[in-house]
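Some notes on the structure that comes next.
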Amino acid sequence: MRPVARSAIATGLVLLFSQSGAAAGPDQGAQLAALCASCHRLDGGGTGIPSIIGLGEERLTNALLAYRASESPNHIMHVIALSLSDEEIASVARYVAAQGSNPR
Amino acid sequence: MKSWTRREFGRLTGAALLTALNQPKARGQAKARVVVIGGGIGGATVARYLAASATAIEVTLVEPRQSYATCFFSNLYLAGLRPFESLSHGYEALAKQNGIIVVHESAAAIHPAAKTVALNNGSKLSYDRLVVAPGIAFRDRALEGYDEAAMEIMPHAWNAGQQTRLLRQQLESMEDGGLFVLVAPPNPFRCPPAPYERASLVASYFQRRKPKAKILILDAKDTFNAQDLFQDAWNRHYPGMIEWLPAQFTGGVTAVDAKTRSVITAGATFKAAVANVIPAQMAGRLAQQAGLANRSGWCPVDPVTFESALQPGVHLVGDAIIGGDMPKSAFCANSQAKACAFAIAADLTGSVRFPAHLFNTCYTYLAPDDAFSNAISFKPVDGKLKSVISFVSKVEESSEVRRQAARAAEGWYDAFTHDVFG
Chain A
7 MRPVARSAIA
17 TGLVLLFSQS
27 GAAAGPDQGA
37 QLAALCASCH
47 RLDGGGTGIP
57 SIIGLGEERL
67 TNALLAYRAS
77 ESPNHIMHVI
87 ALSLSDEEIA
97 SVARYVAAQG
107 SNPR
Chain B
473 MKSWTRREFG
483 RLTGAALLTA
493 LNQPKARGQA
503 KARVVVIGGG
513 IGGATVARYL
523 AASATAIEVT
533 LVEPRQSYAT
543 CFFSNLYLAG
553 LRPFESLSHG
563 YEALAKQNGI
573 IVVHESAAAI
583 HPAAKTVALN
593 NGSKLSYDRL
603 VVAPGIAFRD
613 RALEGYDEAA
623 MEIMPHAWNA
633 GQQTRLLRQQ
643 LESMEDGGLF
653 VLVAPPNPFR
663 CPPAPYERAS
673 LVASYFQRRK
683 PKAKILILDA
693 KDTFNAQDLF
703 QDAWNRHYPG
713 MIEWLPAQFT
723 GGVTAVDAKT
733 RSVITAGATF
743 KAAVANVIPA
753 QMAGRLAQQA
763 GLANRSGWCP
773 VDPVTFESAL
783 QPGVHLVGDA
793 IIGGDMPKSA
803 FCANSQAKAC
813 AFAIAADLTG
823 SVRFPAHLFN
833 TCYTYLAPDD
843 AFSNAISFKP
853 VDGKLKSVIS
863 FVSKVEESSE
873 VRRQAARAAE
883 GWYDAFTHDV
893 FG
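Residue numbers (my numbering), protein chains in the order written: chain A, 7 to 110; chain B, 473 to 894.
Now the structure itself:
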């Protein structure tokens, strides 16, 4: 594998290319996941902020719904989740969950 | 080399696709060109997200420096809690991972009619869209006597780099019992809680190394960001060490005298052992020269696309814009940059545009193991960015909650700089 390709796999941002949307631009899930990437590393690394990679779609959806319902335990996630519609929550959960199954 | 069909594109996944696009033939095809001026948080984020989200766009980032030092977290360096090197981020990953063309030159002028950018080395870049992320500049003659020579004696340390190192050296060599004077700027300015975080973390350093030292904050304002949280923390962690004087008590800072390292207000002169003078601010010089700023000194933009209200085809993000309720913070710059990148990608490639989400999140240190956080969401309303929902930590929170926030802040810095610089 060429070095360019290898380093590209290591970055969460390459995830913006979805298989179906490569030529048409990032889909809604990818654009919403860009919000997550301001605090959560999408390569699954990092400490101090919980990883959102490898959790599965249902768990991500339920977590976002719970954050939206209550200021506790995290007012940052409460504000983020409150700005998302049901459709957007489904879309970002589907997208982020799909990243967990990608080989890295 | 063969030509790629859309179907073949579709079968390739991220990294392979990126490699394919980096082949000379593909690059030689008619791609839309976006030039981004300024490799700070806003500019680097726009470049990275444009390059990653629209393969039909060639992105050039113009930034004279080889690396960027973050102003956020530099207060930890000032307090001796973080090496300076940990604040520094290079542009190599943006070039390697995302195929961005990084040009280490200064932009000399913008010619919106011709859609070109003139560089200091005499060369010219053509663009279909231009993004300008010039950050802040200091207002001329805002404080009498505070010129470039005075900055070398009484540093601002409000652009991270040599100025930050200078202030750290001065704090280290200051004798115990000395007076550290911090001049806090008028609104609006880069990072509203930061002067007070700086006072807090310098106090933590003094407490460890120079317990008889004092800190005096001479403010241009009568109130400040998260004042209750800061004043509660100052009483708990550093009783008697920090004094804050609002403008209504002093009449405001009018001048400095670098020779005697003094700060002069309407009614008194304060002689400092170390002085940190943070002057009034405006959009960066290039924005002023290119006619992107209005009489306020800041740049009006469309709150959805971040296109300049004064120059069509030119977009602006970050500290330089009139952000409505959005504060001038790295997080806001990053958030605006993503919205701007997706809007430009949609315009240039015809991809679907989804409603943008804009946020600010700040972690602010009150002491090394005591941090608070806030979060705000924003929406464009009647041409302005309005805050919609806002939550901030409370004074009565437990020390365990604050310790967790300090740990989260470290993780945030790592993830955030990874998001911006790769």
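Here a beta-carbon is modelled for each residue, glycine too, at the ideal position from N, C-alpha and C.
Starting from residue i, follow the beta strand (DSSP E) in both directions and report where the run begins and ends.
i: B:I750; result: No beta strand (DSSP E) contains B:I750, which DSSP labels as neither H nor E.
i: B:S560; result: S560 to G562
i: B:V574; result: I573 to V575
i: B:H787; result: V786 to L788
i: B:H709; result: Looking at the DSSP string, B:H709 is not in any beta strand (DSSP E); the run it does join, the alpha helix (DSSP H), is Q699 to H709.
i: B:F742; result: T741 to K743
i: B:R505; result: A504 to I509
i: B:L782; result: Element bounds for B:L782: n/a, residue is neither H nor E.
i: B:T737; result: S734 to T737
By the DSSP assignment, the alpha helix (DSSP H) with residue i in it spans what residues?
i: B:S546; result: S546 to L550
i: B:N806; result: A802 to T821
i: B:W884; result: S871 to F893
i: B:V860; result: Not the alpha helix (DSSP H): B:V860 falls in the beta strand (DSSP E), residues K856 to V864.
i: A:A39; result: Q34 to C42
i: A:S89; result: Segment: none, A:S89 is in no alpha helix (DSSP H) and carries neither H nor E.
i: B:A516; result: I513 to S525
i: B:E669; result: A666 to R681
i: B:A727; result: No alpha helix (DSSP H) contains B:A727, which is instead part of the beta strand (DSSP E) from V725 to D729.
i: B:R757; result: R757 to Q761
Restricting to Cα atoms, I'd like to know which of the options is closest to residue i.
i: B:E535; options: B:A516, B:C804 and B:G649; result: B:A516
i: B:F742; options: B:R757, B:Q753 and B:L717; result: B:L717
i: A:A41; options: A:D92, A:A104 and A:A87; result: The amino acid at residue 41 of chain A is misidentified as Ala; the sequence shows Leu. Nearest option by C-alpha distance: A:A87.
i: B:V507; options: B:I582, B:L533 and B:G514; result: B:L533
i: B:C804; options: B:P827, B:K851 and B:Q876; result: B:K851
i: B:N832; options: B:S807, B:V725, B:A605 and B:L548; result: B:S807
i: B:N766; options: B:P627, B:A752, B:Q753 and B:L782; result: B:L782
i: B:T777; options: B:T726, B:V892 and B:L602; result: B:L602
i: B:A887; options: B:H561, B:L639, B:I689 and B:A524; result: B:H561
i: B:T726; options: B:A752, B:T821 and B:A759; result: B:A752
i: B:Q699; options: B:A551, B:A671, B:Y677 and B:S676; result: B:A671
i: B:L559; options: B:Q634, B:R825 and B:F826; result: B:Q634
i: B:Q876; options: A:E64, A:N80 and A:L66; result: A:N80
i: B:K866; options: B:A632, B:Y540, B:A551 and B:D704; result: B:D704
i: B:D819; options: B:G510, B:S525, B:P627 and B:F893; result: B:S525
i: B:R874; options: B:L553, B:G894 and B:D842; result: B:D842
i: B:L830; options: B:P799, B:W706, B:S845 and B:T821; result: B:P799
i: B:E868; options: B:L615, B:V604, B:F702 and B:C834; result: B:F702
i: B:P683; options: B:I529, B:D648 and B:A847; result: B:D648
i: B:A586; options: B:A880, B:H576, B:D600 and B:A580; result: B:D600
i: B:A738; options: B:A813, B:M754 and B:Q720; result: B:Q720
i: B:I513; options: B:L788, B:R613 and B:Y549; result: B:L788
i: B:A685; options: B:M713, B:R708, B:T695 and B:N707; result: B:M713
i: B:N631; options: B:L615, B:C543 and B:A579; result: B:C543
i: B:M623; options: B:I573, B:E779 and B:V728; result: B:V728
i: B:N707; options: B:A878, B:V860, B:Y549 and B:L838; result: B:L838
i: B:I625; options: B:R611, B:R640 and B:D612; result: B:R640
i: B:Q760; options: B:L638, B:G571 and B:F610; result: B:F610
i: B:S845; options: B:D694, B:V773, B:C771 and B:E669; result: B:E669
Hey, residue i and residue j are a contact pair by Cβ (cut 8 Å); roughly how many whole angstroms apart?
i: B:A621; j: B:P658; result: The pair is not a contact, with the Cβ atoms about 23 Å apart (cut-off 8 Å).
i: B:G883; j: A:G54; result: 2 Å
i: B:L643; j: B:V674; result: 6 Å
i: B:A740; j: B:T722; result: 7 Å
i: B:P840; j: B:S676; result: 6 Å
i: B:R520; j: B:L566; result: 6 Å
i: B:A656; j: B:I687; result: So it is not a contact: roughly 12 Å between Cβ atoms.
i: B:G855; j: B:A730; result: Rounded, the Cβ-Cβ distance is 43 Å, inconsistent with contact.
Bridge partners of residue i, per DSSP?
i: B:Y540; result: B:H561
i: B:N832; result: B:I848
i: B:C771; result: B:I793
i: B:W716; result: B:I689
i: A:L66; result: Paired residue(s): none; A:L66 is not in a bridge.
i: B:D842; result: B:A839
i: B:A583; result: Residue identity check: residue 583 of chain B is His in the sequence provided, not Ala. Looking at the DSSP assignment, B:H583 forms a beta bridge with B:T588.
i: B:V853; result: B:K856
i: B:V531; result: B:V506
i: B:V943; result: The first residue shown for chain B is 473 and the last is 894, placing residue 943 of chain B beyond what the model contains.
Problem set entry | alpha helix (DSSP H) runs wholly inside the region 590–655 of chain B, at least 4 long, in chain order | 620–623 and 634–645
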